[in-house]
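Working notes for the structure below.
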Amino acid sequence: MKRPALSFETVEEEARFLRGLVAVHRLADEVLEDCVERQLGLAAAADVFLTQCARLIHAEAAFVQVRGTREPVLTRTWGSGHVDVVRWATVRGALPIERGRTVFVAPLDLGKLDLGSIGFVLPGQFFDGGQQVLALVDTVAEIFDSAVLSFLALAEGHTATERLDELASASEFRPLSRIGKYELLTPLGTGGMAQVMVARTVNPGGVSRLVALKRILPSLAEDEGIVKQFLDEAKLGMRLSHPNLVTIYDFGQGGGSYYLAMELIAGVDFDHVIYWPNGPLPDALVSAVLVQALEGLQAAHDTRGDDGLPLGLVHRDLSPHNLMVGFDGRVKVLDFGVAKMRNARTITLPGIVKGKPLYMSPEQATAERLDRRSDVFSMGLILYEALTGTRAFDRRNDTRTMEAIVNEPLPRPAAITAAWWEVVERALQKRPEDRFRSALDMAHAIRATVEPMRDHALGALLAQSFPRRVADVATWEQTKNRLASQRAGGPA
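Residue numbers (my numbering): 156 to 647.
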């Protein structure tokens, strides 16, 4: 389908659009070069490329699906909440969807052959049809087409889709290389700083375990500030020990990049749970997740240094994405990448505030000194979102969001009962001294409001609600066992 010619109201608007096109092309070169050089496979390339393009376009969520002759052979998703790939994969162009958002979808094709689609979800409705966004999405699709074509050349088959089937059945979409002593299995997710892969340890005795291997993105591997932040996260993470904190096993350098190996959690992040398609969350589920997360956070806040003194740790980057809920019902707090310890200030450069604006405390948004009560405020925002399905101070603009957090009152919405509101309201007090004194105090208040769901019931409910994720988790273990068998000389 031919798009109408683009028009720009100002030269600056046209320049921004052209810079976006250049950035997408440059990003594609970096990602594909890195993944080919390290033999990471198409799935790893798709994971990084999709995530970074979504950030360039300011999307809330994104997906890519590549089809073979019979069914999808590669599906990757990214972003907030439920991504309805089944429904959106057949869309072409812009489609208004729920919660005032629009999904923009472009086809992946080789000539007349339809190979699938790629799409991005943006906030807002577009009266002009979002022609500039569609043009960028079309460019992203064309670049991804080229990547698929490169990988098709590696397989045999009579047609392009048959070659895709060959690649899928041979697991060629999975990484085949190693980083350090870890053999990479499949991509798990990509953030602004790093990519996380499912990997297994390769030990001489044949004993191996699955880990989540986090590596700095190739475009940032030479950034001294990013490397320092990454190493700080690794060193700090190895100090933390609690059932509700993710365990860091190891860190080092290999494959041209720093990495850290951590506990692999079979589950979903809380953001996906909040926006699951089953409607409002049960109160007992909300209570269970928040209580466990707060207990883990309390342990982090209480961590001491080698001198025996409290480190004064503040997470600073809490969000639903950083709370993982396992299919065993255990909740883990992760991503201490921008955490600060004793006597550290919120900013490292003038005007640069670390953390996600949607979940900042007032003192964090104004770059004041922080203590553990800042994390209590962030947990209050997460609780509000879990109970309402909306973000408390979201103004669709980072600056206005932070201004609202600092200055605007928060009325009680109808979705929050009076009992719950007592907890939310106290956690979200503007002044730290008016909040809960600690994460544990907030956990006690939640437990007294609603009895938490038991671990086994929470895990079973999530497994029932996220069957595709359960299937993905099963393939991790199957792949590990297959590779171990091959290494031992057994049947493939």
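Glycine is no exception: its CB is placed at the ideal position from the N, C-alpha and C atoms.
Smallest Cα separation from Ser593: which of Leu415, His456, Ser332?
His456
What does a CB cutoff of less than 7 Å around Arg210 pick up in its chain, not counting 5 residues either side in sequence?
For Arg210, where only same-chain residues beyond five positions count, the Cβ hits under 7 Å are Gly347.
What are the start and end residues of the beta strand (DSSP E) that includes Ile403?
403 to 409
Round the Cβ separation of Val578 and Ile601 to the nearest angstrom and send it over; I've been treating them as touching at under 8 Å.
6 Å
Quick one: give me the first and last residue of the alpha helix (DSSP H) that Thr350 is part of.
The sequence shown places Gln at residue 350, rather than the Thr named in the question. Unbroken run through Gln350 is the beta strand (DSSP E), 349 to 356; no alpha helix (DSSP H).
Just to confirm, are Ala376 and Ser412 a CB contact at a threshold of 8 Å?
yes
Does DSSP put Gly434 in a helix, in a strand, or in coil?
In the structure shown, Gly434 sits in coil (DSSP, three-state: anything other than H, G, I, E or B).
Where in the region 571 to 597 do unbroken runs of the alpha helix (DSSP H), each at least 4 residues long, occur, reported from the N-terminal end onward?
If we require 4 residues or more, the alpha helix (DSSP H) runs fully inside the region 571 to 597 come out as 573 to 582.
Note down the Cα distance separating Arg527 from Val241, rounded to an integer number of angstroms.
42 Å
Say whether the region 423 to 441 touches the region 598 to 613, bearing in mind that this needs 3 or more beta-carbon pairs closer than 8 Å, one atom from each stretch.
Taking a cut-off of 8 Å on C-beta distances, the region 423 to 441 touches the region 598 to 613, as three or more cross pairs fall below it.
For Thr501 and Met534, what's the separation of their Cα atoms in angstroms?
In this prediction, Thr501 has a pLDDT of 36, which is less than 50 and means its spatial position is unreliable; what the coordinates show is noted afterwards. Rounded to whole angstroms, Thr501 to Met534 spans 18 Å at the Cα level.
Give the DSSP-derived three-state secondary structure of Asp269 in the structure shown.
The answer is strand: DSSP assigns Asp269 an E or B state.
Which two residues bound the contiguous alpha helix (DSSP H) that contains Met515?
Element bounds for Met515: n/a, residue is neither H nor E.
Residue range of the alpha helix (DSSP H) that Ser363 falls in?
Run containing Ser363: none; DSSP gives neither H nor E here.
Val486 vs Ala454 beta-carbon contact at 8 Å:
no
Suppose you measure from the CA of Arg355 to the CA of Ala421; what does that come to, to the nearest Å?
14 Å
Leu339 vs Ser332 beta-carbon contact at 8 Å
yes
If the criterion is Cβ atoms closer than 8 Å, does the pair Arg581 and Arg567 meet it?
no
Could you spell out where the alpha helix (DSSP H) holding Gly392 opens and where it closes?
379 to 392
What residue range does the alpha helix (DSSP H) around Gln619 cover?
610 to 620
Could you tell me the boundaries of the beta strand (DSSP E) in which Asp424 lies?
That run of the beta strand (DSSP E) goes 422 to 424.
Residue(s) in a DSSP beta bridge with Arg231
Val219
Own chain residues within Cβ distance below 7 Å of Arg550, not counting five before or after
Thr556, Ala559
Count the C-beta pairs between the region 417 to 434 and the region 454 to 473 that are closer than 8 Å, then say yes if the count reaches three, no if not.
no
Span of the alpha helix (DSSP H) holding Thr224?
Segment: none, Thr224 is in no alpha helix (DSSP H) and carries neither H nor E.
Is it buried or exposed for Asp202, if we count other Cβ within 10 angstroms and need 16 for buried?
buried
Can you give me the C-alpha to C-alpha distance between Leu372 and Asp378, rounded to a whole angstrom?
10 Å
My understanding is that Val228 touches Val246, with C-beta atoms under 8 Å, so please give their C-beta distance in whole angstroms.
That belief does not hold up - the Cβ atoms of Val228 and Val246 are roughly 20 Å apart, past 8 Å.
Euclidean distance between Cα positions of Ala690 and Thr543:
The structure shown has nothing for residue 690, since the chain only spans 156 to 647.
Buried or exposed: Asp461, going by 16 or more other Cβ atoms within 10 Å of its Cβ?
exposed
Straight-line Cα distance separating Gly271 from Arg222
5 Å
Could you pull the DSSP bridge partners for Thr137 from this structure?
This structure cannot settle anything about residue 137, because the visible part of the chain is limited to 156 through 647.
Starting from Ala541, trace the alpha helix (DSSP H) in both directions and tell me its first and last residue.
Where Ala541 is concerned, the enclosing alpha helix (DSSP H) stretches over 527 to 543.
Ile403 to Glu632 span [Cα, whole Å]:
20 Å
Candidates Val488, Ala199, Gly248, Thr232, of which the one nearest Asn399 by Cα:
That would be Val488, whose Cα lies nearest to the Cα of Asn399.
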